[in-house]
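Using this note's numbering, you'd call the opening residue of the sequence shown number 469 and step up by one each time.
What follows is a set of notes on a single structure, which appears directly below.
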Amino acid sequence: MAGDSRERDRGKRLLVLGAGPAQLGLLAAARTRELHVIAVDRDPSAPGFRYADRRAIVSTEDESGIERLASAERVDGLIAPGIDWPVAISARVAERLGLPHPITPETATLSTSKLRQRERFAERGVQQPAYEICAGPREATQAAGRIGFPCVIKAPDRQGQRGLTLVRTASEVGEAVRVALDASRIATLLIEEHVAGREVTVNAFSSDGHFFPLTVTDRLTASLPAFGVALTHVWPSELEPAEIGAAVEAAAAAAAAVGIEHGPSYTQVLVGPEGARVGELAARLGGGHDAELCRAALGVDLNAAALSAALGEEVPAAALAPVARVGGACVRFLVPPVGELREVTGIEEAFALEGIRGIRIYRRPGHRFGEFRRGADRAGAILAVGDSREQALERAARAEGMIRFETDVEALV
Ligand SMILES: Nc1ncnc2c1ncn2[C@@H]1O[C@H](COP(=O)(O)OP(=O)(O)OP(=O)(O)O)[C@@H](O)[C@H]1O
Ligand SMILES: [Mg+2]
């Protein structure tokens, strides 16, 4: 019963790495469980801080700072719910402090390095795009010649489209290499075959080595130059049931290959004429309100399950049993105009529309929106449900049309 679980939770202490848009859902869920939450983010205006009992203005990449904090705060667990690099930090710090944790440091490292992950998938026969590892422009030009155009050049240890470029011709290789090496932490880059076709995200949760697939959503992305930036996640996927099945199998194989036996996984699967291939797997919740979408669509509370896993609690299979609640659901991200944000209007009216389950605005007045290039340039998101995916999409679009980001555009010099 809710009262009993609140009693049990009182006093449990959790360190959450990140208080940005990608962690909002988990932080809100932690608040309803009445956990004592210490949230870490280097940005003092991070929107998730409002759900935390304690805010620590520390970078989510500052491993020794996080370890000191976790130790001083005597936390019962750590979690990095929405961003990759801190997933490995959480696993290592938990191990050093003897705390329970859903994944080992080795699994976390495989999940946060695109390069190590590609190598592991290759060893285990998990289908993925053709790739090569390069250190500089000469090698990259030769590799691109072998892989063919278009291809994708990326930094092996970043996310949020940092260091990521779609390369259409040989003349674009040099700049893409520069961008990737600039972002890369290890002076190395990946060149991949560009898989044309559809892309789905498989949101899943593993419990005692059993992989429970939950929402499989179509990932609809922005046009160039914002290559790969998700604008909408929509459920159910439009793919044929057999293709969805193949995507789920690919995600399960990917999770097994990196060693995920407990906790959430988020796998991007590219579905082209040659079948399902794994774009990337992350050992965490999706950073685009995927857990909230799953709850609205299937009644499974992934945020609650992830909290339990981070605290070393059992997650019973019954908590992961999907029951379709609606015919369709989507998360639609908001694209802002360029300029300094003055105010956001129309939120209440949009929220009052039928089927709108949530609206998140990521930025406060004073924030400067630049050109739309990456996930971090998104200004907010709408969660909508409907009798079908089309109805959910229509409702989200209507709500989006009511929300206005008023900006002061600076004079061009
Ligand atoms: N080889 C590829 N073939 C086709 N599309 C790709 C490929 N690599 C990347 N993309 C597109 O770019 C998106 C982001 O790619 P990737 O996950 O590698 O970068 P990221 O920086 O980690 O982004 P994110 O944080 O959104 O996961 C993918 O979801 C996909 O839409
Ligand atoms: Mg990624």
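Just so you know, even glycine gets a beta-carbon here, dropped at the ideal spot from N, CA and C.
Check                                                                                                                                : Outcome
Below-7 angstroms beta-carbon distance, Asp544 vs any chain D residue                                                                : No chain D is part of this structure, which consists of one protein chain only.
6 angstroms CB neighbourhood of Ala864 in its chain, flanking five on each side removed                                              : Cys798, Arg800, Ile850, Ala852
N- and C-terminal bounds of the beta strand (DSSP E) containing Glu808                                                               : 807-813
Minimum C-alpha distance to Pro807 - residue among His835, Gly814, Glu817                                                            : Before going further, note that residue 807 is Gly rather than Pro in the sequence given. For the residues His835, Gly814, Glu817, the minimum Cα distance to Gly807 belongs to His835.
Proximity below 7 angstroms, CB of Ala694 to CB of Ala714                                                                            : no
Contact test: Pro549 Cβ vs ligand 3 heavy atom, cutoff 6 angstroms                                                                   : In terms of ligand content, the structure shown lacks ligand 3 and carries ligand 1 and ligand 2 instead.
Residue burial classification, Val877 (beta-carbon count within 10 angstroms, cutoff 16)                                             : exposed
Pairwise C-alpha distance: Ser856 and Asp530                                                                                         : 44 angstroms
Through-space distance from Ala777 to Ile728, alpha-carbon basis                                                                     : 12 angstroms
Per-residue burial, Asp509 [other beta carbons within 10 Å of its own, 16 or more giving buried]                                     : buried
Contact test: Gln585 Cβ vs ligand 1 heavy atom, cutoff 6 angstroms                                                                   : no
DSSP state of Asp758 mapped onto helix, strand, coil                                                                                 : helix
Cβ shell of Val645 (< 6 angstroms), same chain only, five flanking positions each side left out                                      : Pro605, Ala608
Reference Glu791, options Val561, Leu766, Glu643, closest by Cα                                                                      : Looking at the sequence itself, residue 791 is Val, so the reference to Glu does not match. Residue Leu766 is the option with its Cα nearest to Val791.
Any non-hydrogen atom of ligand 1 within 6 angstroms of Val647 CB                                                                    : no
At least 3 beta-carbon pairs within less than 8 angstroms: the segment 517-537 vs the segment 495-507                                : yes
Neighbourhood of Gly814 by C-beta distance below 6 angstroms, restricted to the same chain and skipping five residues each side      : Met870, Ile871, Arg872
With 16 other Cβ atoms within 10 Å as the buried cut-off, status of Ser532                                                           : exposed
Straight-line Cα distance separating Ala710 from Arg630                                                                              : 33 angstroms
Arg793 classed as buried or exposed, judged by whether at least 16 other C-beta atoms fall within 10 angstroms                       : exposed
Distance cut-off 6 angstroms: Gln629 Cβ against heavy atoms of ligand 2                                                              : no
8 angstroms contact criterion, which His701 and Thr685 should meet: CB distance rounded                                              : 4 angstroms
Contact set for Glu858: own chain, Cβ-Cβ below 8 angstroms, skip 5 residues either direction                                         : Gly796
Beta-carbon gap between Pro570 and Leu494 smaller than 7 angstroms                                                                   : no
contact_flag[the segment 639-655, the segment 606-626] where n(CB pairs < 8 angstroms) is 3 or more                                  : yes
The alpha helix (DSSP H) enclosing Thr577, as first and last residue numbers                                                         : 573-580
Own chain residues within Cβ distance below 8 angstroms of Gly823, not counting five before or after                                 : Ala852, Val853, Gly854, Gln859, Ala860, Arg863
Simplified DSSP state of Pro681, which is helix, strand or coil                                                                      : strand
Three-state secondary structure (DSSP) of Val716                                                                                     : helix
Simplified DSSP state of Ser705, which is helix, strand or coil                                                                      : coil
Beta-carbon contacts of Arg841 that lie in its chain and below 8 angstroms, excluding the five residues immediately before and after : Gln629, Pro693, Ala694, Val697
According to DSSP, residues forming a beta bridge with Lys622                                                                        : Leu658
Contact check, Leu485 vs Ile506, beta carbons under 7 angstroms                                                                      : no
Rounded separation between Phe770 and Ala672 - CA only                                                                               : For the record, residue 770 in the displayed sequence is Leu; it is not Phe. About 9 angstroms.
Paired residues, beta bridge with Ser733 - DSSP                                                                                      : Ala672
Ala638 versus Phe617: straight-line alpha-carbon distance, rounded                                                                   : 8 angstroms
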